[in-house]
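What follows is one structure encoded as structure tokens, with my remarks underneath.
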Amino acid sequence: MTPHRQPPAETFGKSLEDMVARMRPAGREIAGIGGDVDRRGLRAVLRAENAKWYPGVALFALEISGLLHGEAFGVLQPDIGRAFGIGPRFFSVLTVFSQVIALVVPLGVARLVQNRARRAMVTLISAGVWSVLTAGTALTATVGAVGAMLLLDEATTAANGTVGDALLIDSYPPRTRVRVVSALRAGGMVAGLGAPGLVFVLTEVAHLNWRGVFLVTAALTAVFFLVALGLRDPGYGRWDTARIQQRVRTSDGRPGAPAVAATHLSILEALRRIMAIRSMRLFLWAGLISAIASPVGTYLAFYYTDRFNLDAGARSLLQLATGVVGLVSLLTLSKLGDRIFQRSPRHMFTISAGLTIVGLVLSAAQVFAPNVTVLVVLAAAGAALTGLSGPAQTVGTMSIVPAPLRPHVGAVAALFSLGGTTAGTILLGGLTETISLPTAVVIVSVPSVIAAGVTMRAGRFVAGDIDRTIDEVVEATALAELRGSGRRLPVINCRSVDFAYGPVQVLFGVDFSVDHGEMVALLGVNGAGKSTLLRAISGLGIPQSGSIRLDGQDITFLDAERRAAMGISQIPGGHAVFKELSVVDNLRCYGYSLGRDRRRLDSAIDIAFDAFPRLAERRNQHAGTLSGGEQQMLALSKALMLRPKVLLIDELSLGLAPIVVGQLLDMVRRINRAGTAVVLVEQSVNVALSLARHAYFMERGRIRFDGPSDELRRDETLLRAVFLSEVAKEGAR
């Protein structure tokens, strides 16, 4: 017998939604937006929060370690080539392999650190490898060893780049992050300017050959590695997620409730979760579009030579001057950026993107400069106005994803950036062969301006995406609280689910819940969104927002096959069998999730044949030659074999004779009595309401009714409006 709902789904959903809504403002304040703007200096905030300077210092030391080897290798490539008799072609081939490594390594590293906080370990290993590589380069004796050194350097650099920003973000409170990221970027700019200078001093002043330079830089790299040796991973979300969880747990005086098991995502599922965030998609496209403009630096360098006869020394001084201006601007604007972010993330991106657009225009205007003085002013102004964009985007992108997935942002961003750079090189790298240098500079600057506009648009959605991330944390912790209070969680709980096919939205804020062992009728006219909701639950489609949970565990972004293994089976109307396969082969396909246990699979098939003797008689017959009723019997066999927690049935009786429908419904009752929760989407109102004690009614993608089936049966107005008056009258008898 189908159990009553204890407690009712609407009561559970309301309790959960109330807690999420109540805790959202506190979560926003913890995440660094809303509330009173913190006007204290960085040192005062860190002292008050008991945050340490050391993680930033250690990460800065590690960044210098990477720069030393990379810059030395870049400058000394011709010397290495002469020593081994190799030319530019060798290094070009290595660059191609390096790009492949830059694609593969970030994804592997993101997967490595996804479920365990190992980011500090990755950065320290990278630094240790850099130290060894630098010394090894000095001592290498073969061309193959040189190539191996370069590829290992690229691999470790890519690994460090994947986790560096995420580790920095999790090491400091949200209200300081723009300043902290800006400080590290500034340090990297200083190191980037200083590394070539160090090589110059070692070669021109100390008169060392390339091997001597690498030995000295190896010693320096080892020193920086030792400085960073005490770096530890603070854990995912120490300053935001963990604090939100603590606030929820203490909000009603019951700290320490047992947590709902965390969902471990595969790398593809994690990437799907990231790409589901609207602002993140825009940020990534902005990164790709901006990278298309990569040839602009080369064109400007040639323009400086052709138009103003600037030699290498003058160009270096110009680059140094713009770097210093950019550095000062970065540090000056960072405090303002933190304050604006606290007031409104959207305003921060609007301002930073607006400044960037002006700066890009001024930078491109160098090609119209009448003299060197104006040229320097325009270049410096461009560098000054674009300073805030990098830290702003880093903080924004890291704030809109769940803390364990922050390393994945670096991996995905690297893929988009590399794609943009490749496209820019192919599409825009040869412009000067057909047009003038000034025109080429202007044209190549256009993608960067477009990218800034896309970033500005992304800022419109950042606050909402942060809210969604906060809601996920609050929801998971609230479920733990509800479980701690003795309430059993529903087997399926959908909260505020939005779903769209491209630009067409089908589901709007759907709340749907099913208890263990319950049979629920999901009713509505064609096009109401019933089948789409089942697709979202089974994993055949991913919602644009909202959450779907199985026994409290978040399955919103899990693959359909993982959901099947966890206990969700679906029987889609008219498409539930493989028509070209035999009946027994269909059953073997259904038993895929049983693994390689042949005896268990054979036993499950025997159970199906015992339940449906007609299928046993046709075991070697193609499923496509079965009658409609027999195909539905074969489809129901899946549930008999797998004994899922939840069975989703879409239009079981469609086009079948009443006597066949009766046989199938008896089997559905049997499956339900065995403990499987059933969600029945059925065209026949009488059939659905005769089976289920609880019903949901959907109209235009929204839940219009949620309550006892008898109450819906008595609601003649609702039934007449949707299913025609004849159906309503029959249901009232």
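With the first letter of the sequence shown counted as 1, position 313 gets the number 313 in full-length UniProt numbering; the numbers rise by one all the way through. Just so it is clear, CB atoms sit at the ideal spot from N, CA and C, and this is done for glycine as well.
Using only alpha-carbon positions, find the residue among the options that is nearest to residue i.
{"i": "residue 556", "options": "37, 43 and 492", "result": "492"}
{"i": "residue 570", "options": "647, 173, 550 and 73", "result": "647"}
{"i": "residue 29", "options": "661, 308 and 399", "result": "399"}
{"i": "residue 403", "options": "472, 388, 43 and 387", "result": "472"}
{"i": "residue 741", "options": "405, 680, 513 and 211", "result": "Look at the range of the chain in this structure, 1 to 733, and you will see that residue 741 is not part of it."}
{"i": "residue 551", "options": "545, 541, 543 and 537", "result": "537"}
{"i": "residue 409", "options": "421, 395 and 572", "result": "395"}
{"i": "residue 117", "options": "188, 234 and 147", "result": "234"}
{"i": "residue 663", "options": "72, 691, 633 and 683", "result": "633"}
{"i": "residue 321", "options": "287, 375, 522 and 274", "result": "375"}
{"i": "residue 461", "options": "77, 279 and 158", "result": "279"}
{"i": "residue 34", "options": "266, 158 and 346", "result": "346"}
{"i": "residue 23", "options": "243, 540 and 226", "result": "243"}
{"i": "residue 734", "options": "391, 507 and 359", "result": "Given a span of 1 to 733 for the chain in the structure shown, any question on residue 734 remains unanswerable."}
{"i": "residue 656", "options": "667, 641, 630 and 675", "result": "630"}
{"i": "residue 379", "options": "276, 131, 315 and 41", "result": "315"}
{"i": "residue 240", "options": "218, 469 and 275", "result": "469"}
{"i": "residue 586", "options": "596, 597 and 601", "result": "601"}
{"i": "residue 612", "options": "670, 527, 548 and 366", "result": "670"}
{"i": "residue 572", "options": "549, 635 and 200", "result": "635"}
{"i": "residue 463", "options": "32, 19 and 21", "result": "32"}
Helix, strand or coil: which one does DSSP assign to residue i?
{"i": "residue 525", "result": "coil"}
{"i": "residue 572", "result": "coil"}
{"i": "residue 703", "result": "strand"}
{"i": "residue 37", "result": "coil"}
{"i": "residue 577", "result": "coil"}
{"i": "residue 544", "result": "coil"}
{"i": "residue 582", "result": "strand"}
{"i": "residue 549", "result": "strand"}
{"i": "residue 240", "result": "coil"}
{"i": "residue 264", "result": "coil"}
{"i": "residue 622", "result": "strand"}
{"i": "residue 181", "result": "helix"}
{"i": "residue 708", "result": "strand"}
{"i": "residue 20", "result": "helix"}
{"i": "residue 554", "result": "strand"}
Run the CB neighbour count on residue i, radius 10 Å, all protein chains shown included, and call it buried at 16 or more, exposed below.
{"i": "residue 563", "result": "buried"}
{"i": "residue 694", "result": "buried"}
{"i": "residue 494", "result": "buried"}
{"i": "residue 160", "result": "buried"}
{"i": "residue 264", "result": "exposed"}
{"i": "residue 501", "result": "exposed"}
{"i": "residue 214", "result": "buried"}
{"i": "residue 530", "result": "buried"}
{"i": "residue 55", "result": "buried"}
{"i": "residue 592", "result": "exposed"}
{"i": "residue 499", "result": "buried"}
{"i": "residue 312", "result": "exposed"}
{"i": "residue 37", "result": "exposed"}
{"i": "residue 661", "result": "buried"}
{"i": "residue 618", "result": "buried"}
{"i": "residue 286", "result": "buried"}
{"i": "residue 155", "result": "buried"}
In the DSSP assignment, find the beta strand (DSSP E) that holds residue i and state where it starts and stops.
{"i": "residue 677", "result": "677-681"}
{"i": "residue 697", "result": "694-699"}
{"i": "residue 501", "result": "492-501"}
{"i": "residue 230", "result": "Per DSSP, residue 230 belongs to no beta strand (DSSP E) and is neither H nor E."}
Compute the distance between the beta-carbons of residue i and residue j, then report whether it is under 9 Å.
{"i": "residue 567", "j": "residue 645", "result": "yes"}
{"i": "residue 704", "j": "residue 481", "result": "no"}
{"i": "residue 84", "j": "residue 151", "result": "no"}
{"i": "residue 385", "j": "residue 188", "result": "no"}
{"i": "residue 300", "j": "residue 423", "result": "no"}
{"i": "residue 193", "j": "residue 202", "result": "no"}
{"i": "residue 225", "j": "residue 128", "result": "yes"}
The alpha helix (DSSP H) with residue i in it runs from where to where?
{"i": "residue 505", "result": "Element bounds for residue 505: not the alpha helix (DSSP H) but the beta strand (DSSP E), 504-514."}
{"i": "residue 292", "result": "278-292"}
{"i": "residue 648", "result": "Per DSSP, residue 648 belongs to no alpha helix (DSSP H); it is in the beta strand (DSSP E), 646-650."}
{"i": "residue 332", "result": "312-343"}
{"i": "residue 471", "result": "437-484"}
{"i": "residue 613", "result": "613-617"}
{"i": "residue 116", "result": "Element bounds for residue 116: n/a, residue is neither H nor E."}
{"i": "residue 81", "result": "54-84"}
{"i": "residue 304", "result": "296-308"}
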